[in-house]
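Everything on this sheet refers to the single structure shown next.
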Amino acid sequence: MILQFIFDVLSLGSLYALFALGLVLIFGILKLVNFAYGELVLVFGYSMFLLGDTPVPWFFMTLIAILMSVLISISTDYIAFRPVREKSITAVLITSFAFATILQNAALLLISPRPKNVPMPSFFSDSIQFLGVITPVRNIISIIVTFICLFIFYQFMKRSHIGLAMRAAATNFNMTRMLGIPANLVITSAFAISGLLAGIGATLWMSKLANVFPGIGLEPLLIAFIATVIGGMRSVQGAVFGGFILAFIDIGFNYLLPQDILKFRDAFTFTFVILILLIRPQGLIGGPATGIRT
Amino acid sequence: MIKLINNDNFYSITFFLVLFLIIYLVNSFVGSTIFERIVTILFVYIILAVGLQIFMGNSGILFFAYIGFMSIGAYSSGLLSMPVKMKGFVLRDLYPFLQTISIDPIIAIIIGGLFTAIIAAILTLPLMRLKDAAAVITSFALLMVIHSIIVGWSAVTNGPRTFFGIPKVTTLELAMIFSFVAVIIGFIFKNSHLGLLLRATRDNDIAADSIGANTVYLRWFAVIISAFLAGIAGGLWGHFITSFSPKSFYLKETFLIISMIVIGGSYTVTGSIFGAILVYVGHEGLRWVEKVMKFSDYITFELVGLTEVVLAIIMIIFLITKPKGLFAFREIGDTIKKKIIKISRT
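Chains as they are written, first to last, in our numbering: chain A, 1 to 294; chain B, 1 to 346.
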């Protein structure tokens, strides 16, 4: 029972952590929530659906779909962020939401309002026994994939020049620019990596849902959003930690709460978000104060 | 009399009184029920936009929870005015003390507004000291909390299902009168002592603090007025549409309202009113195009979502070219006043 619980939290938390990581990269640098972030999952899903009828092998299909979400993520920067970034915070929030609306309604207009199947290899949903716990293969895959991604990401941020520039930009953006780091390059690469992480996260998300519909982006966005706030909105470690905490809370509620209180789960989670921002704005694990534009 | 004419608000308020009367006359001249429906909802949107401008425009804080307050007004006034017979039919698990209440709808709408203001006063006081991203995120979270409670609390709100059976009392005249009162409140607040201090905290909070502006209480006062108008607008809207569900008060609507005041110019009341008119008329116009195309012979597939796509594209282009909106700083009254002075001099 306890092992089952831990396993559930780990597999769900790793997925949440991936989503949160993609969002916190943008937030850390620009101090803006990218409302079009969830639509990257939508882009991934519909790319998979459109490729589903072609003879392309599943693995390459996934690669192309992830590439698509990277491209859309970069175009979010070019269309919604760059032109208004310097002018007004409110304007950026609205343009990013408008961009999300365009993607959602394009799916509605060009494809269908009904859910569409996404091809997934059958071994994803096979169950295996692992340490006495019966679990679908996809849960183990998501834990492994996430830890590989986190490791690569960590090394990238630590050792590459652009990773260093991004960390510097997240600490003090103006200072970084004054030292001669091109702002647009840092931001665009942050969007690219954000798209990559969202694409990988979407693969794991799709392995559970197996279909795609126009409103699919909201839940990943909210998950990433809450996890980011719990983690303090600036540090990468915080976002990962926030993802696992959120999974712990979600699954804990599922195990403990009776059905008629479970309806209010979102209300509890978001009240928790408000309380964190009021009492510990630096997130649960500390770090520098958040949300101030530099 | 001279004092009145020299007042900053006089020209603006007169301008909008005339504008509203013109809209009213055009409507009675056209005499079509569809047109009347559109104009009535337009007036409700003007109340919403002006209400949001009072807090968001003067304090400079993006306020997502606003539409949640509209939903509180709509549900609470609907609950009060719904006939007792309907209550047994729509809300079977309603608490006994609410089951027998059924009051005059217009009083219910006003009580709904006051109730919304009280809820807002309780919920938002601790949030008012936050700024920047933290303020935006908490108000977003507050919207989610309100939405989740409305969806979950089936005994009172009929849960995610449709809430219906509200008497239809909102007429064009009623919406127009409330709308005009909202416009007056908007202008008076903006140019009042408190409004001026609040705008000072928006432009530089540290400097405003140093001259004795209490940022938290100024914002709190503004948010209560905002929520009151949101509640009134919700009540009017509910008593016009007569049936709605929690989906009517969620992200899409939030961004519709916010885009209204950002496109018009959130710093001015004039901007928020014209933003409401432009965005709403654009929205309805595109809906109409969608419908016409659906029944024409040229296009065989359905065009769901066209309105949203076009509106979103226009919004992005607009914000890139005019990020501060149509009426960035100057109210329409100021422009008129200047013109009049110019003419009288020559």
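Backbone N, C-alpha and C fix where the C-beta goes; we use that ideal spot for every residue, glycine too.
**Asked** Among THR135/A, ALA80/A, LEU71/A and PHE49/A, which one has its Cα closest to the Cα of LEU3/A?
**Response** Nearest of THR135/A, ALA80/A, LEU71/A and PHE49/A to LEU3/A, Cα basis: THR135/A.
**Prompt:** Helix or strand or just coil, what does DSSP make of ASN34/A?
**Reply:** ASN34/A: coil per DSSP, three-state reduction.
**Prompt:** In whole angstroms, what is the alpha-carbon distance linking ILE223/A and ALA98/A?
**Reply:** Going by the C-alpha atoms only, they are around 20 Å apart.
**Prompt:** Does the beta carbon of ASN105/A come closer than 8 Å to any beta carbon on chain B?
**Reply:** Yes - at least one Cβ of chain B is within 8 Å of the one on ASN105/A.
**Asked** Roughly how many whole angstroms lie between the Cα atoms of ILE259/A and ALA247/A?
**Response** Per the sequence shown, residue 259/A should be read as Gln rather than Ile. The alpha-carbon atoms of GLN259/A and ALA247/A are separated by roughly 19 Å.
**Asked** For VAL118/A, which residues of its own chain have a beta-carbon under 8 Å away from its beta-carbon, when the five flanking residues on both sides are left out?
**Response** Leaving aside the five residues that flank VAL118/A on each side, the residues in its chain whose CB is nearer than 8 Å to its CB run, in chain order, GLY45, MET48, PHE49, GLY52, MET206, LEU209, ALA210, ASN211 and VAL212.
**Asked** Name the chain A residues whose beta carbon is nearer than 7 Å to that of ALA141/B?
**Response** Result: PHE270, VAL273 and ILE274.
**Residues that VAL84/A contacts on chain B, provided the C-beta gap is smaller than 9 Å** = Within chain B, the residues near VAL84/A are ILE316, LEU319, ILE320 and PRO323.
**Request:** Compute the beta-carbon to beta-carbon distance between LEU52/B and SER226/B, rounded to the nearest angstrom, for a pair I have assumed lies under 8 Å.
**Result:** About 6 Å; that satisfies the 8 Å criterion.
**Whole runs of the alpha helix (DSSP H) within the region 167 to 193 of chain A, excluding any shorter than 4 residues** = The region 167 to 193 of chain A contains these whole alpha helix (DSSP H) runs: 173 to 178.
**Asked** When we look at the beta-carbon of LEU172/B and count the other beta-carbons within 10 Å, is it buried (16 or more) or exposed?
**Response** By the neighbour-count criterion, in which 16 or more other beta carbons inside 10 Å mark a residue as buried, LEU172/B falls on the buried side.
**Request:** Under 7 Å between beta-carbons, which chain B residues line up against ASP266/A? List them in chain order, please.
**Result:** Going along chain B in sequence order, the residues near ASP266/A (Cβ under 7 Å) are MET144 and SER148.
**Message:** Does SER259/B pass the burial test, meaning 16 or more other C-beta atoms within 10 Å, or should it be called exposed?
**Reply:** It is buried - the Cβ of SER259/B has at least 16 other Cβ atoms within 10 Å.
**Message:** Check this for me: beta carbons of ALA65/B and ILE261/B, under 8 Å apart or not?
**Reply:** For the pair ALA65/B and ILE261/B, the CB atoms are not nearer than the 8 Å cut-off.
**Item:** Boundaries of the beta strand (DSSP E) in which PHE130/A is found, first to last residue
**Value:** 127 to 130 is the span of the beta strand (DSSP E), which, as asked, contains PHE130/A.
**Item:** Under 8 Å (Cβ pairs) to chain A, residues found in the region 262 to 275 of chain B
**Value:** Of all residues in the region 262 to 275 of chain B, VAL262 and SER266 have a Cβ within less than 8 Å of some Cβ in chain A.
**Asked** Looking only at C-alpha atoms, which of THR171/A, GLY38/A, PHE59/A and MET178/A sits nearest to PHE19/A?
**Response** Selected option, being the one with the closest Cα: GLY38/A.
**Asked** For chain A, is any of its Cβ atoms less than 8 Å away from the one on VAL304/B?
**Response** At least one C-beta of chain A is nearer than 8 Å to the C-beta of VAL304/B.
**Asked** PRO246/B by DSSP, collapsed to three states: which one?
**Response** Looking at PRO246/B - three-state DSSP - the assignment turns out to be helix.
**Asked** When DSSP labels each residue in this structure, what does PHE163/B get in the three-state scheme?
**Response** In the three-state scheme derived from DSSP, where H, G and I count as helix and E and B as strand, PHE163/B is classed as strand.
**Item:** Integer-rounded CB distance, given that LEU63/A should sit under 8 Å from ILE304/A
**Value:** Outside the displayed span of chain A (1 to 294) sits residue 304/A, for which this structure offers no information.
**Alpha-carbon spacing of LYS263/A relative to ALA230/B, whole angstroms** = Cα to Cα, the separation comes out at about 26 Å.
**Request:** Output the distance between the C-alpha atoms of THR294/A and ARG159/A, rounded to the nearest integer angstrom.
**Result:** Confidence is the limiting factor: at THR294/A the pLDDT is only 49, short of 50, which leaves the residue's position unreliable and the question unanswerable from this model.
**7 Å Cβ cut-off: residues of chain B touching ALA98/A** = Result: ALA312, MET315 and ILE316.
**Prompt:** Which runs of the alpha helix (DSSP H) fall wholly inside the region 235 to 287 of chain B and span at least 4 residues, in chain order?
**Reply:** If we require 4 residues or more, the alpha helix (DSSP H) runs fully inside the region 235 to 287 of chain B come out as 251 to 264.
**Prompt:** At what residues does the alpha helix (DSSP H) containing ILE134/A begin and finish?
**Reply:** For ILE134/A, no alpha helix (DSSP H) run applies; the uninterrupted beta strand (DSSP E) run containing it begins and ends at 133 to 136, by DSSP.
**Message:** For a quick check, are the C-beta atoms of GLN160/B and PRO83/B less than 8 Å apart?
**Reply:** A quick correction: the sequence has Pro, not Gln, at residue 160/B. Going by beta carbons, PRO160/B and PRO83/B fall outside the 8 Å limit.
**Prompt:** Taking DSSP as the reference, what is the three-state secondary structure of ASN58/B?
**Reply:** In this structure, ASN58/B counts as helix in the three-state DSSP scheme.
**Prompt:** Where does VAL39/B land, buried or exposed, given buried means 16+ other C-beta within 10 angstroms?
**Reply:** Flag for VAL39/B reads buried.
**Prompt:** For VAL212/A, which of helix, strand or coil comes out of DSSP?
**Reply:** Secondary structure of VAL212/A (DSSP, three-state): strand.
**Message:** Do ARG219/B and MET70/B have their beta-carbon atoms positioned less than 8 Å apart in this structure?
**Reply:** The Cβ atoms of MET70/B and ARG219/B lie no closer than 8 Å to each other.
**Asked** Where does ASN117/A fall in DSSP's three states?
**Response** DSSP places ASN117/A in strand when its eight states are reduced to three.
**Asked** Are THR157/B and TYR95/B closer than 8 Å when you measure CB to CB?
**Response** No; because the gap between Cβ atoms is not below 8 Å, this pair is not in contact.
**Message:** Can you tell me whether LEU185/A is buried or exposed? The criterion is at least 16 other CB atoms within 10 Å of its CB, across all chains shown.
**Reply:** By the C-beta density criterion, LEU185/A is exposed, having fewer than 16 other C-beta atoms within 10 angstroms.
**Asked** Hey, is the region 231 to 241 of chain B in contact with the region 107 to 122 of chain B, meaning 3+ C-beta pairs nearer than 8 Å?
**Response** Taking 8 Å as the limit for Cβ pairs, the verdict is that the region 107 to 122 of chain B does touch the region 231 to 241 of chain B.
**Asked** Taking 7 Å as the cut-off, is the CB of ALA155/B close to at least one heavy atom of the ligand FAD?
**Response** Within the structure as shown, the ligand FAD is missing, as the structure has no ligands at all.
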